[in-house]
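Residue numbers 15 to 80, in the numbering used here, belong to the letters of the sequence shown in order.
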Amino acid sequence: MKRNNTEQVGEVLRRLLRQEGLETPLNEYRLVDAWKDVVGEAIARYTTNIYIKNQVLFVHLSSSVL
């Protein structure tokens, strides 16, 4: 049986995440998770807390000089 209306799995998952309202939380998680890679070890070492609230990234550092 041949199917003509095939879709890529990635596109189906993206649509499902969007429909269920999970697209933004997933992207926020990815951003927080990538923090060390983005800023590097030197700054990540001084990061004491990082979170997103109302689509705003909050970063707490242990040194005000940074």
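The C-beta atom is built at its ideal place from N, Cα and C for all residues, glycine as well.
Asked                                                                                        : Found
Nearest-angstrom beta carbon gap, V46 and I64 [assumed within contact, 8 Å]                  : 6 Å
CB of T38 within 9 Å of CB of Q69, strictly                                                  : yes
G24 to E34 span [Cα, whole Å]                                                                : 15 Å
Coarse secondary structure for Y65, derived from DSSP in three states                        : strand
Cβ-based neighbour list, T62, same chain, cut-off 7 Å, excluding 5 preceding and 5 following : H74, L75 and S76
Boundaries (first-last residue) of the alpha helix (DSSP H) holding L36                      : Taken as a continuous stretch (DSSP letters only), L36 belongs to no alpha helix (DSSP H), as it is neither H nor E.
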